[in-house]
Amino acid sequence: MAPVAKREGLRKKDLIDRVVQASGAKPGDVKKVVEATLALLAEHIGREDALALAPLGKLSVAKRKATPKGEILTLKLRRGGAEKTAKEPLAARDE
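Just so we're aligned: 1158 in my numbering is position 4 of the sequence shown, and the numbers increase by one with no gaps anywhere.
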């Protein structure tokens, strides 16, 4: 089996740069919004609140363990598969 190449993760600076590119907003404004968003997410995860954030998915804390270096959280992320579609009726209402 061939070794799997390690992919570089997404860092906060990269996230800010990508949001600036995607939105056309000013970097300083984007930085404030991204930092506020990350702080809010961290707060809710710390309280073990379930987060339902489309299109990311539904995130919840599966396990929590305190260590001398900090806290270890095991998170569960459920991502949707196919989009839900409204079921069509078998017959028209007037039939």
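Just so you know, even glycine gets a beta-carbon here, dropped at the ideal spot from N, CA and C.
Query, Result
"According to DSSP, simplified to helix, strand and coil, what is G1211?", "strand"
"Specify the secondary structure class of K1185 as computed by DSSP and reduced to three states.", "helix"
"Measure the C-alpha to C-alpha separation of A1216 and G1163 and round it to an integer number of angstroms.", "22 Å"
"Touch check for the stretch 1190-1206 and the stretch 1215-1232: three-plus C-beta pairs under 8 Å?", "yes"
"Which of helix, strand or coil does DSSP assign to K1205?", "Looking at the sequence provided, one finds Leu at residue 1205 rather than Lys. In the structure shown, L1205 sits in a strand (DSSP, three-state: E or B)."
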